[in-house]
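Visitor:
2 protein chains.
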Amino acid sequence: MAEKLNDRSALDPLLAQGWELVDGRDAICKTYVFANFIAAFGWMTRAAIWAEKLGHHPEWSNVYKTVDVTLTTHDCGGVSDLDIKLAQKMDALAE
Amino acid sequence: MAEKLNDRSALDPLLAQGWELVDGRDAICKTYVFANFIAAFGWMTRAAIWAEKLGHHPEWSNVYKTVDVTLTTHDCGGVSDLDIKLAQKMDALAE
């Protein structure tokens, strides 16, 4: 089972890449903006397959070319290594 | 260009199918719950392709097996025929 991050500095590289801490909740969030809907949903599709493969799923919303993502681990009630792994993968897929 | 619905009774069949009017905004919304993430995102993928084909896109969010959809037409600042068409298609894809 996932455990809450002990070493919060593990988040620093993500915070440098546009991820932010969510107010009032142990979670991280990021807004991705793509060229258009096809690019946005194409990215979501690739990220969705990775999420399923990792067994860890995002909270996310999409309006046309914008995707808002929030990551947290419900099992442990906060940010875990799984969130870091999925966030890194999402960033890589968006490059 | 899309025009706001004149005949609001055109919404009745959707309201009977679980769509609701959004408070404080001329929009309709519905929550779909699927068996799991694969089913939820699979449905989103089919709906996304239809949205692109219709040239009309949803505001939607997904958490695991749940998808919340809001439809409105930004061009006309309210619900139009395009929203009815996309809502009907989404319901058909979810059957």
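Chains as they are written, first to last, in our numbering: chain B, 1 to 95; chain S, 101 to 195. The C-beta atom is built at its ideal place from N, Cα and C for all residues, glycine as well.
How long is the line joining the alpha carbons of Arg193 (chain S) and Ala151 (chain S), rounded to whole angstroms?
Guide: The sequence position of residue 193 (chain S) within the second sequence is 93, counting from 1. The sequence position of residue 151 (chain S) within the second sequence is 51, counting from 1. Here the sequence assigns Leu to residue 193 (chain S), which means Arg is not the residue at that position. Approximately 12 Å, taken between the alpha carbons.
Visitor: Check each residue of the stretch 8-28 of chain B: if its Cβ is closer than 9 Å to any Cβ of chain S, include it; give the result in chain order.
Guide: Result list empty, no residue passes.
Visitor: Within 8 Å (strictly less), CB to CB, does Ser148 (chain S) reach chain B?
Guide: For the purposes of this step, residue 148 (chain S) is identified with residue 48 of the second sequence, where counting begins at 1. According to the sequence shown, residue 148 (chain S) is Ala rather than Ser. Cβ-Cβ to chain B under 8 Å: yes for Ala148 (chain S).
Visitor: Report the neighbours of Asn6 (chain B) on chain S: residues whose CB is nearer than 8 Å to its CB, in chain order.
Guide: Your numbering for residue 6 (chain B) matches position 6 in the first sequence. Near Asn6 (chain B) there are no residues of chain S at all, since even the closest Cβ is about 26 Å away, more than 8 Å.
Visitor: For Lys130 (chain S), count the other beta carbons within 10 Å of its own beta carbon; 16 or more makes it buried, fewer makes it exposed. Which is it?
Guide: Within the second sequence, residue 130 (chain S) is the residue found at index 30, counting from 1. The residue in question, Lys130 (chain S), is buried, as its Cβ has 16 or more Cβ neighbours within 10 Å.
Visitor: Tell me the DSSP bridge mates of Ile28 (chain B)?
Guide: Indexing the first sequence from 1 puts residue 28 (chain B) at position 28. In the DSSP output, where bridge partners are listed per residue, Ile28 (chain B) has B:Leu21 and B:Leu71.
Visitor: Give me whichever residues DSSP pairs with Ser61 (chain B) in a beta bridge.
Guide: Here residue 61 (chain B) refers to the residue found at position 61 of the first sequence. In the DSSP output, where bridge partners are listed per residue, Ser61 (chain B) has B:Asp68 and S:Ser161.
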